[in-house]
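Undergrad: These protein sequence lines are chains A and B, in that order. Reminder that position 247 of the first sequence reads as 247 in the working numbering, one-by-one numbering, no gaps. Counting the second sequence from 1 gives a position; the working numbering is that position plus 328. If you scroll down you'll find the structure; I have some questions about it.
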Amino acid sequence: MPPTLSVQNLSKSFKIRKPAAGLRDLWHRLWKPEYRTVDAVRDISFDLHAGERVAFIGPNGAGKSTTIKMAAGILYPSAGRVSVLGLDPQTQRRQVTRALGAVFGQRSQLWYHLPAGDSFDLLAKIYDMPDALYRTRRDYLAQSFELGDILSRPVRQLSLGQRMRCEIVASLLHKPQVLFLDEPTIGLDVDAKAKIRDLVRRTADEDGTTVLLTSHDTGDIEQVCDRVIVIDNGQIILDESIGGLRQRYIKTKRVTVHTTDAPPELGLPGVAWLEQSPHRLVAEIDTSITPAGTAVAALLQRVSCTDVSVEDPPMDDIVRRIYAERRA
Amino acid sequence: MGATLRLYAALAGFSFRNHLGSWRYIMSRLGAYIFFTIIIGEFWRAIIAQGTRHFPFGIDDIIWYCGVGQLIVFASPRIFMRIEDDVLSGNIAYHLTRPVDYLELRLAEGVGGLAANLLLFMPLGFALCYFYTGAMPRGSIGYTALFIIFASLLHMMFQILAGFSGVWIHEVQMPYRIYQKFMLMLGGLEVPVSVYPAVMQYLAWATPLGLLLMLPCTAIFTPDTGQQAREAILMFGWVGVIFALMLMLYGRVRKYISLNGG
Numbered sequence: 001m002p003p004t005l006s007v008q009n010l011s012k013s014f015k016i017r018k019p020a021a022g023l024r025d026l027w028h029r030l031w032k033p034e035y036r037t038v039d040a041v042r043d044i045s046f047d048l049h050a051g052e053r054v055a056f057i058g059p060n061g062a063g064k065s066t067t068i069k070m071a072a073g074i075l076y077p078s079a080g081r082v083s084v085l086g087l088d089p090q091t092q093r094r095q096v097t098r099a100l101g102a103v104f105g106q107r108s109q110l111w112y113h114l115p116a117g118d119s120f121d122l123l124a125k126i127y128d129m130p131d132a133l134y135r136t137r138r139d140y141l142a143q144s145f146e147l148g149d150i151l152s153r154p155v156r157q158l159s160l161g162q163r164m165r166c167e168i169v170a171s172l173l174h175k176p177q178v179l180f181l182d183e184p185t186i187g188l189d190v191d192a193k194a195k196i197r198d199l200v201r202r203t204a205d206e207d208g209t210t211v212l213l214t215s216h217d218t219g220d221i222e223q224v225c226d227r228v229i230v231i232d233n234g235q236i237i238l239d240e241s242i243g244g245l246r247q248r249y250i251k252t253k254r255v256t257v258h259t260t261d262a263p264p265e266l267g268l269p270g271v272a273w274l275e276q277s278p279h280r281l282v283a284e285i286d287t288s289i290t291p292a293g294t295a296v297a298a299l300l301q302r303v304s305c306t307d308v309s310v311e312d313p314p315m316d317d318i319v320r321r322i323y324a325e326r327r328a
Numbered sequence: 329m330g331a332t333l334r335l336y337a338a339l340a341g342f343s344f345r346n347h348l349g350s351w352r353y354i355m356s357r358l359g360a361y362i363f364f365t366i367i368i369g370e371f372w373r374a375i376i377a378q379g380t381r382h383f384p385f386g387i388d389d390i391i392w393y394c395g396v397g398q399l400i401v402f403a404s405p406r407i408f409m410r411i412e413d414d415v416l417s418g419n420i421a422y423h424l425t426r427p428v429d430y431l432e433l434r435l436a437e438g439v440g441g442l443a444a445n446l447l448l449f450m451p452l453g454f455a456l457c458y459f460y461t462g463a464m465p466r467g468s469i470g471y472t473a474l475f476i477i478f479a480s481l482l483h484m485m486f487q488i489l490a491g492f493s494g495v496w497i498h499e500v501q502m503p504y505r506i507y508q509k510f511m512l513m514l515g516g517l518e519v520p521v522s523v524y525p526a527v528m529q530y531l532a533w534a535t536p537l538g539l540l541l542m543l544p545c546t547a548i549f550t551p552d553t554g555q556q557a558r559e560a561i562l563m564f565g566w567v568g569v570i571f572a573l574m575l576m577l578y579g580r581v582r583k584y585i586s587l588n589g590g
């Protein structure tokens, strides 16, 4: 079966104007600008098959968003090719966009001053959806994503979590075969993140949607995706299953305790203090040595705390670990 | 083709309803329109009453003239501000993930908003001038309405050009303000171009910036329908030229975004 999204030897370079050094140079550069070339993506290849949910991760500036933009037909590659359902996003943009859904966490795709429901109506027209089909789909998604009265409120009045749920519904309305999610949970609280991850996973499962997700949040990747592609400096450095990544690289948890107590001696193997400040203690637990539950219980017995949270290590740490291992 | 036209009609219809539903927006604009038309009307009443200079128009003519000029300014949706937001934030690139062109989307929205505004402003503006002067205009209201529609379309396209220029100069307000200054000055918003020095009159006739305001405003007191028909053709020609320029610039914008990502 041909891949839903195929990226072959894809590269993208940007020409950046060199800044002037001094007044004389400024005058000179005004007439003869000089440029340097930045390689954002360098000869990457991967295939995504129908129904796959893939995390595309890497540190800031690694080339994730550039790749997604090329796959969506926004940016043209400098070399290589992308195909979505066998179509070229560069020359067949309109056909490709009908099969695509996209959410860019830091950008709103809804009409800011209109109620979200009106934005959905407009999108139904843009995607040429028959009225009956649109209404059924909208009602189903609105119920799944618990939009309720949110639909009648202008987007500018919604909280970030509410807006993000609307953005995702907007991207799913036309039942896309491929869904690009670029930082869909950025800035959301723990509850909102959990809800969005669950809904994205469930909806993608039901519709058989291929998902390409970028995020700095390990939780997004673990809870939504089955496979992970790690990119750094524009090159793919790892492509494997989430199970494999978890086994090899996500071996630690971070426990943050808000307390005024002094850090106690834990005496547990694989647990170490990362940060000790007057109101906050952060410990790292190697879960392959001591289970997270055991370590947290021991910690809570020894300090009186006002709040506690358990998190995965930041994505940058994981990428650093992958990078260090590959270099070694 | 049919589906595309249906889409534009739907987008324009949506914008139309949205504009008509924004009562505060409409009332504030209408209030400002009435206020400025009366202020400038009174200003001209005082000048003409002094009798120190002969003008080729009467007080009723000039009040109708000002009413039409202000109508074009106040009825036009500020589409450049939407484009400014999209261009300066880089959001314009993300619109390309949908099966509709950005330019088509904004144009359809602009036409819808403009239609809603004109539907309210034209009858109210004509009624205001009629009750204010107590007389019908000497020129054809039909031709004037046609000129107003052409002028508003031209104004909208100039706004789009100003908005797109932000891709390169990273600012939209400045090019828009420059255009607006030329348009108001050469078009003779408050003082008819026929009062200007010869060189300014030449400039007003030679550029669409001047014609945009001048033709609809003067049509209201020009009884010669033959002249109006010729001027309507001239203005239609300029709509075509500026439309072509807008398409060309949009092509450049698309190319820029596809190479640089917005």
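Backbone N, C-alpha and C define an ideal beta-carbon position, used for all residues, glycine too. Note that the structure is predicted; figures quoted are calculated from it, not measured.
Nearest-angstrom Cα distance between residue 479 of chain B and residue 125 of chain A?
TA: Roughly 29 Å between the two C-alpha positions.
Undergrad: If the cut-off is 8 Å on Cβ atoms, which residues from the segment 67 to 82 of chain A count as contacting chain B, listed in chain order?
TA: Flagged, chain order: 69, 72, 73, 74, 75, 76.
Undergrad: Does any residue of chain B bring its CB to less than 8 Å from the CB of residue 126 of chain A?
TA: Output row for residue 126 of chain A: interface = yes.
Undergrad: Quick check on the burial criterion: 16 or more other C-beta atoms within 10 angstroms. Buried or exposed for residue 445 of chain B?
TA: Classification of residue 445 of chain B: buried, given that the 10 Å Cβ count is 16 or more.
Undergrad: Going by DSSP in three states, residue 258 of chain A sits in which element: helix, strand or coil?
TA: Looking at residue 258 of chain A - three-state DSSP - the assignment turns out to be strand.
Undergrad: Apart from the five residues on each side of it in sequence, which residues of its chain come closer than 8 Å, Cβ to Cβ, to residue 144 of chain A?
TA: Same-chain partners within the cutoff: 199, 202, 203.
Undergrad: Using a Cβ-Cβ distance cut-off of 8 Å, determine whether residue 427 of chain B contacts chain A.
TA: Taking Cβ atoms only, chain A reaches closer than 8 Å to residue 427 of chain B, which makes this a yes.
Undergrad: Residue 156 of chain A versus chain B: which residues are under 8 Å apart at the beta carbon?
TA: By Cβ distance, chain B contributes nothing, its closest Cβ being about 12 Å from residue 156 of chain A, past 8 Å.
Undergrad: Look at the alpha carbon of residue 135 of chain A and the alpha carbon of residue 252 of chain A, and state the distance between them as a whole number of angstroms.
TA: So the two alpha carbons sit approximately 46 Å from each other.
Undergrad: Would you mind sorting residue 542 of chain B into buried or exposed? The rule is 16 or more other CB atoms within 10 Å of its CB.
TA: Per the 10 Å Cβ criterion, buried.
Undergrad: Is it buried or exposed, residue 459 of chain B, if we count other Cβ atoms within 10 angstroms and call 16 or more buried?
TA: By the 10 Å Cβ count, residue 459 of chain B comes out exposed.
Undergrad: Taking any Cβ of chain B, which residues in the segment 103 to 115 of chain A have a Cβ under 7 Å from it, in chain order?
TA: Listed by position, the residues of the segment 103 to 115 of chain A near chain B (Cβ gap below 7 Å) are 104, 107, 109, 114.
Undergrad: Just to confirm before moving on: does the CB-CB distance between residue 236 of chain A and residue 68 of chain A stay below 8 Å?
TA: Not closer than 8 Å, so no.
Undergrad: With a threshold of 8 Å, are at least 3 pairs of Cβ atoms found where one atom belongs to the segment 97 to 110 of chain A and the other to the segment 172 to 188 of chain A?
TA: Yes, the segment 97 to 110 of chain A touches the segment 172 to 188 of chain A.
Undergrad: Can you give the beta carbon distance from residue 141 of chain A to residue 114 of chain A, rounded, assuming they're within the 8 Å contact cut?
TA: Not quite, the Cβ-Cβ distance comes to about 18 Å (not below 8 Å), so this is no contact.
Undergrad: Among all the DSSP beta bridges, which residues are the ones paired with residue 273 of chain A?
TA: Beta-bridge pairing links residue 273 of chain A to A/283.
Undergrad: Comparing alpha-carbon positions, which option in A/232, A/210, A/231 lies nearest residue 224 of chain A?
TA: Ranking the options by Cα distance to residue 224 of chain A, first place goes to A/210.
Undergrad: My parser needs the alpha helix (DSSP H) runs of 4 or more residues fully inside the segment 405 to 481 of chain B; what are they?
TA: Here the runs fully enclosed are 407 to 417, 419 to 422, 430 to 461.
Undergrad: Can you tell me the Cα-Cα spacing of residue 391 of chain B and residue 77 of chain A, whole angstroms?
TA: Spanning the two alpha carbons is a distance of roughly 58 Å.
Undergrad: Please list the terminal residues of the continuous beta strand (DSSP E) segment that includes residue 48 of chain A.
TA: Run containing residue 48 of chain A: 35 to 48, per the beta strand (DSSP E) assignment.
Undergrad: Quick one, which of A/259, A/188, A/206 has its alpha-carbon nearest residue 306 of chain A's?
TA: The shortest C-alpha separation from residue 306 of chain A is found at A/259.
Undergrad: Which of the three DSSP states is assigned to residue 196 of chain A in this structure?
TA: Residue state, collapsed to three classes: helix.
Undergrad: Closest by CA to residue 534 of chain B, which one among B/559, B/549, B/357?
TA: When each option's Cα is compared against that of residue 534 of chain B, the closest is B/559.
Undergrad: Compute the Euclidean distance between the alpha carbons of residue 302 of chain A and residue 189 of chain A, then round it to the nearest angstrom.
TA: Whole-angstrom Cα-Cα distance: 28 Å.
Undergrad: Just to confirm my understanding: we take residue 17 of chain A, look at its own chain, exclude 5 residues before and 5 after, and list those with CB closer than 6 Å. What are they?
TA: Cβ neighbours of residue 17 of chain A beyond the five flanking positions: 33, 35.
Undergrad: Measure the alpha-carbon distance for residue 322 of chain A versus residue 247 of chain A and round it to whole angstroms.
TA: Distance between the alpha carbons of residue 322 of chain A and residue 247 of chain A is about 12 Å.
Undergrad: If I measure Cβ to Cβ from residue 58 of chain A and keep anything under 7 Å in the same chain, skipping five residues before and after, which residues do I get?
TA: Only 64, 230, 231, 232, 319 meet the Cβ criterion.
Undergrad: What I want to know is whether the C-beta of residue 562 of chain B ends up closer than 7 Å to one or more non-hydrogen atoms of the ligand GTP.
TA: The ligand GTP is not among the ligands present in this structure, which contains no ligands whatsoever.
Undergrad: Taking just the CA atoms, how far does residue 574 of chain B sit from residue 148 of chain A?
TA: C-alpha separation (whole angstroms): 42 Å.
Undergrad: Is the distance from the Cβ of residue 586 of chain B to the Cβ of residue 75 of chain A below 8 Å?
TA: Contact flag set, yes.
Undergrad: Under a Cβ-count criterion, where at least 16 other Cβ atoms within 10 Å of its own Cβ denotes burial, should residue 410 of chain B be classed as buried or exposed?
TA: Answer is buried; the Cβ neighbour count reaches 16.
Undergrad: Would you call the segment 393 to 408 of chain B and the segment 514 to 530 of chain B in contact, with 3 or more CB pairs under 8 Å?
TA: Yes, since at least three Cβ pairs between the segment 393 to 408 of chain B and the segment 514 to 530 of chain B fall closer than 8 Å, the two stretches touch.
Undergrad: For the segment 356 to 363 of chain B against the segment 331 to 343 of chain B, do three or more pairs of beta-carbon atoms, one drawn from each stretch, fall closer than 8 Å, so that the two count as touching?
TA: With a cut-off of 8 Å, the segment 331 to 343 of chain B and the segment 356 to 363 of chain B do not count as touching, because too few Cβ pairs lie within range.
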